[in-house]
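Sequential numbering from 3 applies to the sequence shown in the numbering used here.
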Amino acid sequence: PKEIEKMERSNITFVVEFILLGFSDLPNFQKLLFGIFLVIYMNILIGNGLLIFITKTNPTLQTPMYFFLGNFSFLEICYTSVILPRMLIDLWTQKGNISFLSCAIQNCSFCILGVAECLLLAVMAYDRYVAICKPLYYPIIMNHKMCVQLVIASWITGIPVLIGLTYQIFSLNFCDSNKLDHIFCDAPPILEIACGDTYQKELSVHVAALFFIMTPFLLILISYIKIITTILKLPSTSGKSKAFSTCSSHIMVVGLFYGSGSIVYLRPESSHSAKSDKAFSVLYTTVTPVLNPIIYSLRNKDVIAALKKILPK
């Protein structure tokens with residue numbers, strides 16, 4: 003029925019800009035929402051910035067685990083900076099106009115950084131797997147060159163596919179509407195207002211999402227199955243608790259990121275609504291980045307010790 007409806011809307015217009023409706027259905031709360039998201043964004047920048055600073059400057063944190071954590075925090079800052087500043091401007095001005103090119107760039111950047119985050123979480127799980135399951139080989143396997151290569155691979159693997167996918171989506175014809183009922187330029191609401199048969203493009207988006215989200219998730223799952231099996235074989239209780247504590251922060255971050263992301267992208271079509279999509283999008287674009295530094299600070303003695311050195315008493 004959706005395809006037929008799209009075919010009927012044959013009044014194709016040349017779209018030069020989109021209008022992000024965002025939270026326009028809450029006109030009385032625009033300034034309050036601006037304040038809330040500004041505080042969230044500042045916390046993301048300060049919290050993750052602090053983690054980057056201590057993992058770069060503290061001599062005791064010059065290990066692969068903290069090298070990946072520093073990169074992950076930098077990625078979180080980039081990921082939210084693609085969305086939140088623009089959203090804050092829209093809330094303040096109460097206008098949601100975004101040019102066609104800016105919309106395409108935002109969508110592409112968001113997808114590339116989201117995929118990089120999935121892959122980096124898988125790399126961090128692999129690091130914990132080597133540390134716990136192959137401790138004698140750890141310095142050899144996770145040498146500095148290998149760590150740098152894994153981080154670069156996480157950043158660039160999705161780029162060619164996602165640039166191609168973005169080009170496919172934005173080369174579609176658009177009907178008599180340029181209004182996106184969302185908080186940023188995401189693929190599903192853009193496909194929603196496209197003309198003609200968009201089934202092929204929607205399928206491409208789902209296949210890419212499944213591949214780039216589920217492959218790293220399966221690698222994380224396999225790593226943790228092997229880690230837990232190894233930990234349970236350890237003779238001492240203190241050894242077990244120490245091994246578990248080094249993984250617990252990462253497990254919590256993975257749970258938050260994948261939990262909120264999969265609710266948005268892997269839910270059945272029938273349960274989608276603009277309001278729920280916006281709510282869940284806020285969740286996975288702000289909750290993980292804002293909680294990441296808190297989780298790693300509270301669950302990690304080395305990070306706490308490093309923070310105590312630089313923060314005033």
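All C-beta atoms in this analysis are idealised placements derived from N, C-alpha and C, irrespective of residue type, glycine included. What you are looking at is a predicted structure, and each value in this text was computed from that prediction instead of being measured.
* With a CB to CB cut of under 8 Å and the five nearest residues on each side skipped, what residues in its chain are close to leucine 90? -> The residue given as residue 90 occupies position 88 in the sequence shown. Excluding sequence neighbours, leucine 90 sits near Phe36, Phe39, Leu40 and Tyr43.
* Return the CA-CA distance between isoleucine 46 and proline 291, expressed in angstroms with no decimal places. => Within the sequence shown, the letter at position 44 stands for residue 46. Within the sequence shown, the letter at position 289 stands for residue 291. Whole-angstrom Cα-Cα distance: 6 Å.
* Would you mind stating whether phenylalanine 70 and valine 18 have Cβ atoms separated by less than 7 Å? => Here residue 70 refers to the residue found at position 68 of the sequence shown. Here residue 18 refers to the residue found at position 16 of the sequence shown. No; because the gap between Cβ atoms is not below 7 Å, this pair is not in contact.
* Roughly how many angstroms lie between the CA atoms of valine 117 and leucine 205, to the nearest whole one? -> One-based indexing of the sequence shown puts residue 117 at position 115. One-based indexing of the sequence shown puts residue 205 at position 203. C-alpha separation (whole angstroms): 18 Å.
* Reduced DSSP secondary structure (H/G/I, E/B, other) of asparagine 1 -> The structure shown does not extend to residue 1, since the chain is modelled only from 3 through 315, so no value can be given for it.
* Is there contact here, the region 190-209 with the region 130-145, by at least three beta-carbon pairs under 8 Å? -> no
* For glutamate 10, does the count of other Cβ atoms within 10 angstroms reach 16, so buried, or fall short, so exposed? -> Here residue 10 corresponds to residue number 8 of the sequence shown, with the count starting at 1. Unreliable placement is indicated for glutamate 10, whose pLDDT of 49 sits below 50; no coordinate value is reported for it.
* **Where the alpha helix (DSSP H) through isoleucine 154 begins and ends** => The count along the sequence shown starts at 1 and reaches residue 154 at position 152. 146-158 is the span of the alpha helix (DSSP H), which, as asked, contains isoleucine 154.
* What is the DSSP secondary structure of leucine 23, counted as helix, strand or coil? -> As a working note, residue 23 is residue 21 in the sequence shown. It is coil, neither helix nor strand.
* Asked: What is the residue span of the alpha helix (DSSP H) that glutamine 32 lies within?
  -> Position 30 of the sequence shown, counted from the start, is the residue given in the question as residue 32. Element bounds for glutamine 32: 32-59.
* Asked: Which runs of the alpha helix (DSSP H) fall wholly inside the region 197-238 and span at least 4 residues, in chain order?
  -> 201-211 and 217-235
* Out of Lys58, Met67, Pro87 and Leu28, state which residue places its alpha-carbon closest to the alpha-carbon of threonine 288. => Here the question's residue 288 lines up with position 286 in the sequence shown. Checked all of Lys58, Met67, Pro87 and Leu28; the closest Cα to threonine 288 is Pro87.
* Status (buried if at least 16 other CB within 10 Å, exposed otherwise) for serine 75 -> If you number the sequence shown from 1, residue 75 lands on position 73. Label assigned to serine 75: buried.
* Answer with buried or exposed for glutamine 64, where buried requires no fewer than 16 other C-beta atoms within 10 angstroms of its C-beta. => Within the sequence shown, the letter at position 62 stands for residue 64. Glutamine 64 should be labelled exposed.
* Does the Cβ of isoleucine 154 lie closer than 6 Å to at least one heavy atom of the ligand ADP? -> For the ligand ADP, the structure offers nothing, since it holds no ligand at all.
* Hey, is the region 295-304 in contact with the region 250-257, meaning 3+ C-beta pairs nearer than 8 Å? -> yes
* Measure the C-alpha to C-alpha separation of serine 225 and alanine 307 and round it to an integer number of angstroms. => Numbered from its first residue, the sequence shown carries residue 225 at position 223. Numbered from its first residue, the sequence shown carries residue 307 at position 305. Near 28 Å, if we compare the C-alpha coordinates of alanine 307 and serine 225.
* Asked: Which of helix, strand or coil does DSSP assign to lysine 181?
  -> Mapped onto the sequence shown, residue 181 falls at position 179. Strand, per DSSP.
* Asked: Which runs of the alpha helix (DSSP H), 4 residues or longer, sit entirely within the region 58-124?
  -> 66-83 and 86-95
* To do: Pull up the CB-CB distance for asparagine 50 and isoleucine 79, whole angstroms please, since I reckon it's below 8 Å.
  => As a first step, residue 50 must be located in the sequence shown, where it is residue number 48. As a first step, residue 79 must be located in the sequence shown, where it is residue number 77. Correct: roughly 5 Å between the Cβ atoms.
* Assigned exposure category for histidine 146 - 16 Cβ within 10 Å defines buried -> The residue given as residue 146 occupies position 144 in the sequence shown. Label assigned to histidine 146: exposed.
* Name the residue from Val150, Leu167, Thr95 and Lys97 whose alpha carbon lies nearest to the alpha carbon of phenylalanine 112. => Translated into the one-based positions of the sequence shown, residue 112 becomes position 110. It is Leu167 whose Cα lies nearest to the Cα of phenylalanine 112.
* Between the C-alpha atoms of isoleucine 229 and cysteine 105, what's the straight-line distance to the nearest angstrom? -> The count along the sequence shown starts at 1 and reaches residue 229 at position 227. The count along the sequence shown starts at 1 and reaches residue 105 at position 103. Near 42 Å, if we compare the C-alpha coordinates of cysteine 105 and isoleucine 229.
* **For phenylalanine 186 and leucine 22, believed in contact at Cβ under 8 Å, the rounded distance** => As a working note, residue 22 is residue 20 in the sequence shown. As a working note, residue 186 is residue 184 in the sequence shown. Right, their Cβ atoms sit about 7 Å apart.
* Residues near leucine 220 in its chain [Cβ-Cβ closer than 6 Å; skip 5 each side] -> Walking along the sequence shown from the start, residue 220 turns up at place 218. Hits under 6 Å: none found.
* Asked: Nearest-angstrom Cα distance between isoleucine 192 and threonine 217?
  -> Sequence index remark: in the sequence shown, residue 192 carries index 190 (1-based). Sequence index remark: in the sequence shown, residue 217 carries index 215 (1-based). Each residue's Cα considered, the two are about 26 Å apart.
* Contacting residues, own chain, Cβ-Cβ under 8 Å from leucine 236 (five flanking each side not counted) -> Residue mapping note: residue 236 aligns to position 234 of the sequence shown, counting from 1. Excluding sequence neighbours, leucine 236 sits near Lys242 and Ala245.
* Is the beta carbon of isoleucine 114 less than 7 Å from the beta carbon of isoleucine 161? -> What you label residue 114 is simply residue 112 of the sequence shown in a count that begins at 1. What you label residue 161 is simply residue 159 of the sequence shown in a count that begins at 1. Against a cut-off of 7 Å, the Cβ pair of isoleucine 161 and isoleucine 114 comes out as a contact.
* For asparagine 109, count neighbouring C-beta atoms within 10 Å of its own C-beta (all shown protein chains included) and say buried if the count is 16 or more, exposed if not. => Here residue 109 is taken as the residue at index 107 of the sequence shown, counted from 1. Buried, by the Cβ-count rule.
* **lysine 33 versus alanine 281 - alpha carbon distance** => If you number the sequence shown from 1, residue 33 lands on position 31. If you number the sequence shown from 1, residue 281 lands on position 279. Between lysine 33 and alanine 281, the C-alpha separation is close to 18 Å.
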